[in-house]
Structures are given as C-alpha cells and as structure tokens.
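Read the structure below first, then the notes.
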Amino acid sequence: MSRRPLARSTSLLAALFGRIGVLFLAIVLAVGLIAFFTAQRRINEIYDGQLIIGANVLRALMSEELRGAEAVGREQLEVDDSALLSPEDRRAFNNFADWRMFRIWRDGRLVLRSDTGPEIATPATQNGFSEVQGSSYRWRVYTLHVPDRRVVVQIGERTDIRFVLVRGIALGLALPLLLLIPTAAILIWLSLSDGLEALRTLIAEIGRRTMRDLSPLPLEPWPRDLHPLVRSINRLFERIDRSLQHERRFLDDAAHQLRTPLAAVKLQTQLIAGEADPAERQAMTAQLVQSVDRASALTDRLLTLARLETIRAPSGKGGDLREETVAALADLAPVAARRNVELSFEGRGRFASGDAALLRLIATNLVENAINHAPEGSEVAVRLSSAGGRHRLVVVDGGPGIPPGDRDKVLERFHRGPGAAASGSGLGLSIVGEAVRLLKGRLALRDRDDGASGLCVEVELPDAAREAA
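Add 30 to the 1-based position in the sequence shown for this note's numbering, that's all there is to it.
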C-alpha cells in the first residue's frame with residue numbers, strides 16, 4: 031500500500047511531530063487503560079477475599095451461640111447482636127454499616143441481619159459470590175453454608191465502593207501522565223528538530239549549487255539515512271549534466287553544419303541580385319532553392335536526433351515494421367527514380383515491433399542512406415524476416431561499402447561514408463542508432479553475403495507482443 035505524500039503546505043517537522051504525538055498519546059492511553067483495568071481486577075480480588083474472611087469470622091463469632099441453641103434444643107435462634115458481637119466488633123460493623131451488609135440464616139429462616147443491604151428472600155444454595163440489585167445500589171454478596179449447624183452466613187458490600195477506590199487510583203495515575211505529556215511533547219519536538227538539522231544542511235548545500243557546479247555530493251558528511259537521497263540527487267545532477275552536454279553538442283553541431291549552407295545561400299542570393307540574364311537568374315534561383323532544402327533537411331534531422339537522445343522510453347502507438355517499411359519505400363520511390371536506383375522488397379506477415387514513429391524513422395533513414403550511396407543503375411534490396419521472437423530488417427545496397435575499421439565511425443554524427451551524395455547530412459545512421467536503442471534492438475553493419483561490393487545493414491528488434499506479455 032502506497033503512502034500518501036505530505037501536503038505542500040505541511041511542515042515536515044510538524045507532520046512528524048503530529049504522527050509521533052498521536053502515537054505517544056495512544057501509548058499513554060493504552061498504559062492508562064491497562065493500569066485502570068489491572069487495578070480494578072486486583073481490587074476485586076482483594077475485596078472478594080475480604081468478604082470470604084468476613085463470612086468466616088462472622089461464623090466463628092457465632093459458634094458459641096449456635097452450640098448453646100443446640101444444647102437446649104431450641105428450634106429457632108433468637109439472636110441478640112449485643113450478645114453475639116463484642117464492643118470492638120460492633121464498632122467495626124457500625125463503621126461499615128453504610129456500605130456493607132450481613133445476613134445469617136438458620137434452617138432457611140433469617141435470624142440476624144444488618145440494617146443495610148438489599149432484601150433477600152432466600153439465600154443461595156451454593157457457596158460463592160453473587161450480585162444482588164438493591165433499591166439504590168448493587169451489592170456483591172458472598173454466601174457461606176455451615177452444614178453441621180444448618181446455618182448460612184452471607185456478607186456483602188456495595189459494588190460502587192470498589193469503583194470509587196479504582197477511580198482514586200486512576201486519578202492518582204492520571205496526574206503524572208498529564209504532566210508527562212507536555213514534557214514529552216517538548217522533548218520530542220526538540221529531538222525531531224535536531225534530527226532534521228542534517229536535512230536542512232543538505233538543502234542549503236544544494237541551494238548553493240549553480241548550473242555550472244553539477245559535481246556529485248560526497249556521502250561521508252551525511253547520516254546514513256540520507257545516503258539514498260544524496261545518491262538520488264547525484265543521479266539527478268548526472269542527468270542534468272548529460273542533458274546540458276547534449277544541448278551544447280547540438281548547438282555546436284548545428285552551428286558548424288548550418289554555417290556552410292547558410293553561407294552558400296547568402297552568396298547565391300547576392301549573385302542572383304547582381305545577375306541581369308533571366309535564364310541565368312532562373313538557374314541560380316533553382317540552386318538557391320536546393321540549398322535552402324538541404325539546410326531545412328539538415329535542421330530537421332538535427333532536431334530529430336536531439337529529441338531521440340533525450341527520450342528515455344518510447345511512448346507512441348505500437349506499429350508494424352512491415353507496414354512502416356512499405357510506407358517508407360513509397361515515400362522514397364521518387365528519390366530512387368531520380369537517382370536511377372531500383373528498390374526491391376521481400377517480407378510477408380505481421381512484424382509488431384513497437385513505436386510506429388520510430389519504426390518509420392528507422393526504415394526511412396536506412397533506405398534513404400542506401401539510395402544516396404548506391405550507384406546509378408544498381409538495386410537497393412529490403413528484406414524482412416522473423417526468428418526466435420525477434421524481427422530483422424535488412425537493407426542491402428551496391429555502393430562502395432564501408433571498411434570494417436570505419437563502421438563504428440559512421441554511426442557518429444556528420445560522418446559521411448565514401449560515395450555519399452552531396453545532399454547527405456551524415457546523420458542518417460546516427461538517427462537509426464538512437465531509434466534502435468530506444469526500441470531495445472541491435473544495429474549491425476557488415477559486408478554483403480554474396481561477396482559483391484556494397485553494405486548490408488541489419489536491424490534486429492524484439493517482438494512487441496512478447497515484450498508486453
């Protein structure tokens with residue numbers, strides 16, 4: 031289960047203090063309740079024990095009277111409390127007269143009772159405790175049978191007296207706990223504030239950094255708990271630095287590569303302005319249009335490559351490699367016709383290989399690159415195949431080829447192989463390489479299988495359906 035992030039307006043210190051405070055209050059409440067119920071149970075045990083002792087004491091106090099009644103053969107016991115109880119016992123009973131009671135039964139007849147307690151018609155048949163509701167109070171009564179005397183002794187007390195005692199104990203515990211809460215709150219606040227000091231220092235250190243200082247933060251000065259945060263910040267610095275390097279590289283490349291066509295456009299414009307012959311002016315205007323087209327194409331490819339280098343994962347709609355390759359061949363057929371290059375295609379079935387835009391980009395640049403390097407009257411062959419859950423796009427041309435030692439270089443920006451057309455930008459294979467990387471594929475350059483001159487470019491891509499599964 032994911033945690034809900036803190037609100038932007040919430041202080042981290044206040045949020046931590048609130049959560050720990052709630053936990054602390056819950057612990058204090060739990061301790062108080064445990065202490066209350068423990069005290070209540072213990073007091074019940076003690077007071078029940080006192081009732082048992084009291085019943086046995088009362089039976090012993092009456093033993094002489096009971097024996098005398100049996101000696102004279104009286105069937106009924108007439109009890110005189112002044113005769114049964116000593117002055118000290120009588121005073122003791124008087125002290126507890128308002129919240130204790132006793133009953134003495136003989137042969138099922140009540141022969142002696144206190145003036146307190148509930149009305150009891152008959153005593154319980156078994157020894158033990160019971161609770162009886164009186165007119166005003168509830169009583170806990172202990173019954174003691176004396177079979178050899180045919181006597182039953184009952185002694186009890188009001189249950190609210192126990193609660194009064196438990197309440198007194200609880201109030202005695204509550205005062206220290208109430209004093210503990212503000213003291214603990216102050217200590218928790220100070221501890222959290224001191225514990226977050228390292229985080230404040232880290233924030234200040236990051237705040238002092240500039241865009242020119244993206245060096246990684248050292249781990250040693252920070253507590254171990256902050257190490258994951260410091261590592262994440264260092265990775266962010268690394269990504270920002272890489273992005274800035276890409277920007278600088280793009281600007282340098284763009285400035286370098288556009289300088290020549292822009293200078294040519296300027297020169298041709300000046301020449302057109304000074305040319306009086308209409309036919310010559312028309313020819314020079316056509317050359318100017320071609321120069322502008324080359325500059326525009328170069329700019330588009332630079333922008334495409336820059337965007338590819340900043341993409342971390344494809345996000346477009348899934349496409350089919352065959353459909354995108356056929357569409358690219360249709361778009362480039364006029365270019366091949368102008369260069370007198372024949373296009374051939376082989377491949378049937380579906381080739382689900384990922385992002386449609388990236389697939390079109392790969393096919394277009396590979397075929398266009400092959401057309402630009404192929405001599406007039408030659409053929410550019412495009413083949414599609416599948417094996418082992420992977421799809422292969424192979425483009426073969428009849429150009430001069432690339433020596434094995436230079437094949438890594440042609441994947442770099444603006445490197446143009448031998449025999450390239452003057453309109454080439456040297457970015458085609460760089461764009462293909464970035465697109466293949468995003469699709470988690472593989473790009474390979476090799477000689478033709480038939481031994482003829484030319485280059486064979488192979489792109490291997492994973493099956494998109496299997497990747498999704």
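Yeah, the Cβ is synthetic: ideal placement off N, Cα and C, and Gly gets one too.
Just so we're clear, the structure is a prediction, and the values are computed from it rather than from any experiment.
Hey, would you say residue i sits closer than 7 Å to residue j, going by beta carbons?
i	j	result
N402	V462	no
E406	E372	no
A404	A358	no
Q154	T173	Residue 154 is actually Ala in this sequence, not Gln. A contact, by the Cβ cut-off of 7 Å.
L351	S321	no
L491	G471	yes
P258	A228	no
I191	W129	yes
A474	L388	no
L423	V489	yes
I73	V196	yes
G349	A386	yes
G435	S483	no
I199	A69	yes
F381	H421	yes
R378	V426	no
L244	I218	no
L226	L414	no
V58	L207	yes
L362	V397	yes
V194	W135	no
P177	V162	no
L249	V260	yes
Any idea which residues DSSP pairs residue i with across the strands?
i	result
T173	G158, Q184
L142	I134
L203	Answer by DSSP bridge pairing: none, since L203 is not bridged.
G384	G349
L232	BP columns for L232 are empty, so no partner.
R168	Q163
E376	R413
A69	According to DSSP, A69 bridges with nothing at all.
A474	E488
Under 8 Å by Cβ, that's how I've got residue i and residue j pegged, so tell me the actual separation to the nearest angstrom.
i	j	result
E170	G186	Residue 170 is actually Arg in this sequence, not Glu. Yes, R170 and G186 are in contact; Cβ-Cβ is about 6 Å, under 8 Å.
F267	P251	The pair is not a contact, with the Cβ atoms about 16 Å apart (cut-off 8 Å).
L46	L210	The Cβ separation is near 20 Å, so there is no contact.
R133	Y167	With a Cβ gap of about 16 Å, R133 and Y167 do not count as contacting.
Q298	Q317	6 Å
R180	D137	5 Å
I233	I263	That belief does not hold up - the Cβ atoms of I233 and I263 are roughly 10 Å apart, past 8 Å.
F54	A204	The Cβ separation is near 16 Å, so there is no contact.
L370	L459	Note that residue 370 corresponds to Asn in the displayed sequence, not to Leu. N370 to L459, Cβ: 23 Å. No contact.
Could you have a look at residue i and say whether DSSP puts it in helix, strand or coil?
i	result
R422	strand
P492	strand
A404	coil
A214	helix
A482	coil
V410	strand
E354	helix
D427	coil
W129	coil
S321	helix
S92	The amino acid at residue 92 is misidentified as Ser; the sequence shows Met. DSSP places M92 in coil when its eight states are reduced to three.
E464	helix
R278	helix
P253	coil
P258	helix
I50	helix
D307	coil
I270	helix
L43	helix
S245	coil
V371	coil
E398	helix
P434	helix
I82	helix
R197	helix
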